[in-house]
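So the structure is just underneath, and the comments pick up after that.
Numbering (my numbering), first residue to last: 116 to 302.
Spelled out as structure tokens, the structure:
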């Protein structure tokens with residue numbers, strides 16, 4: 116599906132001659148630029164969902180692209196972006212966006228009952244906390260802890276890359292122990 120969708124997005128040419136190019140940093144994002152190489156429209160895809168963001172008058176590029184894709188798929192437009200991948204989007208008065216993943220975070224936190232996560236931590240990691248290498252003296256893998264830790268880290272990675280950039284450093288520090296987690300790291 117991905118290659119098929121990509122070929123149809125890349126083969127699109129608007130009535131004004133604009134085309135989309137694959138974003139070099141994100142394989143599921145396509146960008147259309149003006150003659151000065153300033154981005155004027157984006158298309159992002161995830162599984163079978165597409166998001167378009169378009170600065171052109173009346174969003175004509177997005178509309179033409181949707182019509183182009185309709186030749187190959189049954190497309191349902193649901194309007195202004197409100198929710199995507201557990202994240203809520205709200206348009207601000209000045210044309211910007213507010214992004215909130217609190218519903219996703221609360222749902223994810225409720226799933227982790229082995230070592231419950233705090234509902235509202237004050238800081239990502241308590242002040243003065245450090246890794247103690249003696250935690251791995253005579254280390255034995257606890258398969259339940261391993262699975263739980265990896266699930267928590269997966270959730271935290273996603274959150275740190277989408278809406279909570281402030282926890283990225285701490286998450287990267289904790290992911291170094293994905294194959295040998297300890298109870299202390301989990302807490």
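No residue lacks a Cβ here, since even glycine has one placed at the ideal position from N, Cα and C.
Keep in mind that this is a model prediction, so the values were computed, not measured.
How would you call residue 246, buried or exposed, if buried means at least 16 neighbouring beta carbons within 10 angstroms?
In the chain shown, counting from the first residue as 1, residue 246 sits at position 131. When all chains shown are included, residue 246 counts as exposed.
Report yes if the C-beta of residue 294 is less than 8 Å from at least one heavy atom of the ligand NAD; otherwise report no.
No copy of the ligand NAD occurs in the structure displayed, which carries no ligand at all.
Counting along the chain, where does the alpha helix (DSSP H) carrying residue 223 start and finish?
Your numbering for residue 223 matches position 108 in the chain shown. Unbroken alpha helix (DSSP H) run through residue 223: 217 to 226.
Which residues mark the beginning and the end of the alpha helix (DSSP H) in which residue 277 is found?
For the purposes of this step, residue 277 is taken as residue 162 along the chain shown, with counting starting at 1. Start and end: 258 to 277.
Keeping to the same chain, check which residues put their C-beta closer than 8 Å to that of residue 125; ignore five residues upstream and five downstream.
Indexing the chain shown from 1 puts residue 125 at position 10. Counting only Cβ-Cβ distances below 8 Å, and skipping sequence neighbours, we find 134, 135, 136, 137, 145.
Looking at residue 218: is its Cβ nearer than 9 Å to the Cβ of residue 207?
Walking along the chain shown from the start, residue 218 turns up at place 103. Walking along the chain shown from the start, residue 207 turns up at place 92. Contact: no.
Express the C-alpha separation of residue 214 and residue 229 in angstroms, rounding to a whole number.
Translated into positions along the chain shown, residue 229 becomes position 114. Translated into positions along the chain shown, residue 214 becomes position 99. Going from the Cα of residue 229 to the Cα of residue 214 covers about 30 Å.
Can you have a look at residue 116 and say buried or exposed, based on whether 16 or more other CB atoms are within 10 angstroms of its CB?
In the chain shown, counting from the first residue as 1, residue 116 sits at position 1. Result: exposed.
Alpha helix (DSSP H) containing residue 301: first to last residue?
Residue mapping note: residue 301 aligns to position 186 of the chain shown, counting from 1. Taken as a continuous stretch (DSSP letters only), the alpha helix (DSSP H) holding residue 301 covers 298 to 301.
On the CB-based measure, 16 or more other CB atoms within 10 Å of its CB, does residue 200 come out buried or exposed?
Position 85 of the chain shown, counted from the first residue, corresponds to residue 200. Exposed.
Decide if residue 267 is buried, meaning its Cβ has at least 16 other Cβ atoms within 10 Å, or exposed.
The count along the chain shown starts at 1 and reaches residue 267 at position 152. That one is buried.
Compute the Euclidean distance between the alpha carbons of residue 197 and residue 166, then round it to the nearest angstrom.
Numbered from 1 along the chain shown, position 82 holds the residue referred to as residue 197. Numbered from 1 along the chain shown, position 51 holds the residue referred to as residue 166. Their backbone Cα atoms lie some 11 Å apart in a straight line.
Buried or exposed: which applies to residue 286, given that a residue is buried once 16 or more other Cβ atoms fall within 10 Å of its Cβ?
Locating residue 286 in the chain shown gives position 171, counting from the first residue. When all chains shown are included, residue 286 counts as buried.
Provide the residue(s) that pair with residue 208 in DSSP beta bridges, ordered along the chain.
Within the chain shown, residue 208 is the residue found at index 93, counting from 1. BP columns for residue 208 are empty, so no partner.
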